[in-house]
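For the sequence shown, the residue numbers in the numbering used here are 3 to 135.
Heads up, the beta-carbon is just placed ideally off N, CA and C, and yes, glycines get one too.
Just below is one structure, and these are the notes that go with it.
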Amino acid sequence: MANDLFVLYNQEDVKDKDYVHSQFMIAHLENDLNMVWPNVITGNNIFFWGYEWNKHGICSESKFDQATYFQKAINLRYRINLLGVMRVGGVVPNGHLKAKQRIESLIASRFGGDPILRCKTASNCQVLLTDVL
């Protein structure tokens, strides 16, 4: 489990114009985003963030510009610190499979509710946790 705040995407869904615009608008946040919201599937962070803006952030455009949207994502990541909760619970990224029930139990005990976990099988057959909802 390499990250906790990201969604899988199809790169063809993003228009080049929107991608470039997103990159320009969030350039000052790039270092923080590289740490807290990387694209662990393909490694193309800039393109991934453009997709995230076009898929999710644009819905908040009347309230937040792109920079504010991504700054809020960074703040949320630090406030929730899902990876820290997992580490304390003994679930660390080490290439070994984790029991879904164990991850769900850790999240539920810390934050309440019933988390929904989404995974993807990578080309090397490794199962990756991609979303926690």
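- Annotated as proximal: V129 and L99, with beta-carbon spacing under 8 angstroms.
- Within the segment 57–104, the complete alpha helix (DSSP H) runs of at least 4 residues fall at 68–82 and 84–90.
- Three or more Cβ pairs drawn from the segment 101–112 and the segment 73–89 lie within less than 8 angstroms of each other, which places the two stretches in contact.
- DSSP places D34 in the uninterrupted alpha helix (DSSP H) bounded by E32 to V38.
- In the DSSP assignment, no residue is bridged to C127.
- Look at L119 here: in three-state DSSP terms it is strand.
- Spanning the alpha carbons of Y80 and K74 requires a straight line of approximately 10 angstroms.
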